[in-house]
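Take my numbering: the last position of the sequence shown gets the number 247, and nothing is skipped along the way.
Think of the CB as a built atom: it goes at the ideal place given N, C-alpha and C, for glycine as much as any other residue.
These figures come from a predicted structure and were not determined experimentally.
What follows is a single structure, written as structure tokens, with notes after it.
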Amino acid sequence: MTVKIKYGIFSDIHSNLEAFCAVLDDMVAQKVTHPVCLGDIVGYNANPRECLRLARELNCPVIKGNHDEMVAETKDLQNFNDLAGAGVMWSKKRLSAEDKGWLARLPLSLRIGNFTVVHSSLDEPAKWNYITKPLEAESSFIYQNTQLCFCGHTHVARVFVKSRGVRELSRAPRLELQRGTRYLVDVGAVGQPRDRDWRASYVIYSPSENRIEYRRLAYDLPRAQEKIRQVGLPEQLAARIGAGI
Ligand code: ZN
């Protein structure tokens with residue numbers, strides 16, 4: 003009997019160990035065979051080293067996010083707001099030179115099986131554009147040569163489709179893929195969702211069933227918040243993971 007391939011695609015862990023562990027446990031329970039990490043492993047929350055170790059132990063495809071880039075490189079933080087900058091500086095101090103080197107070498111996009119992955123958008127991935135509306139998705143679709151592309155970066159779980167025009171699909175936990183339609187699937191964030199749902203988000207893609215499923219997972223939020231306070235990161239970072247903003 004052959005085991006069916008099931009991809010578990012997750013993004014924006016952002017050093018939230020409790021949220022990441024909930025996703026890792028769920029992937030085991032859901033019999034995910036192929037995890038894929040869309041980047042931003044570090045930043046914002048209290049456990050960059052632990053999250054990076056777990057991500058590396060998966061031995062799976064990983065692409066680079068903007069926080070990974072900032073932590074790995076010696077660039078200044080001018081494009082980061084204070085909250086993001088605080089998390090980046092904290093992560094920088096916690097990671098070894100070897101870890102930073104590993105982050106620095108991550109690719110910006112990859113083709114995996116029949117789909118593409120990118121952290122931000124396929125048009126100029128190094129510019130870290132945000133795809134929040136159909137017009138922005140349209141620019142990415144120009145470079146999308148596969149029916150499916152998975153992205154993260156906005157921390158909002160949503161799907162854009164292109165058949166004749168580009169539109170955003172209304173939210174549903176499951177999606178059956180239709181022929182002749184292309185999909186840009188934002189998998190949402192593991193460690194800091196911003197769609198007013200604090201639970202960790204990721205996506206399971208089953209190629210043999212042509213189906214995508216969004217998973218939302220409760221985790222030990224008070225513990226993650228407490229650690230943010232303990233290490234001296236801004237209180238707002240603890241508040242926002244509770245509010246999902
Ligand atoms: Zn992010």
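- Pairing LEU85 with LEU239, the inter-Cα distance amounts to about 7 Å.
- For ASP222, the distance from the CB to the nearest heavy atom of the ligand ZN is not below 7 Å.
- In chain order, GLY45, HIS69, MET72, VAL73, LEU79 and PHE82 place their CB closer than 7 Å to the CB of VAL90, counting only its own chain and leaving out the 5 sequence neighbours on each side.
- Annotation note: the stretch 99 to 146 contains the following uninterrupted alpha helix (DSSP H) runs of length 4 or greater, listed N- to C-terminal: 99 to 106 and 136 to 143.
- A distance below 6 Å between beta-carbons, with the five flanking residues on each side excluded, links GLU140 to the following residues of its chain, in chain order: VAL168.
- In terms of Cβ geometry, VAL189 and GLY154 form a close pair [threshold 8 Å].
- Counting along the chain, ILE206 sits inside the beta strand (DSSP E) bounded by residues 202 to 208.
- With a threshold of 16 other beta carbon atoms within 10 Å, GLU59 falls short and is exposed.
- Secondary structure note for VAL163: its beta strand (DSSP E) is the uninterrupted segment 159 to 164.
- Straight through space, the alpha carbons of LYS8 and LYS33 are spaced by roughly 7 Å.
- Counting along the chain, HIS16 sits inside no beta strand (DSSP E), nor does DSSP assign it H or E at all.
- Distances from the CB of GLY103 to the heavy atoms of the ligand ZN are all 7 Å or more.
- Cβ contact annotation for TRP130 (same chain, cutoff 6 Å, sequence separation greater than five): ASN68 and SER122, in chain order.
- Burial state of LYS164 is buried, judged by a 10 Å Cβ sphere holding 16 or more other Cβ atoms.
- By the neighbour-count criterion, in which 16 or more other beta carbons inside 10 Å mark a residue as buried, SER210 falls on the exposed side.
- Of the residues assessed, ALA220 falls on the exposed side of the cut-off, its CB having fewer than 16 other CB atoms within 10 angstroms.
- Counting only residues of its own chain and dropping the five nearest sequence neighbours on each side, ARG198 has a CB closer than 6 Å to the CB of GLY246.
- Those residues that have a beta carbon less than 5 Å away from any non-hydrogen atom of the ligand ZN are, in order along the chain, ASP14 and ASP42.
- DSSP places VAL187 in the uninterrupted beta strand (DSSP E) bounded by 184 to 189.
- The beta carbon of LEU54 lies closer than 7 Å to those of ILE43, VAL44, LEU97 and ASP101 in the same chain, with the five residues before and after it left out.
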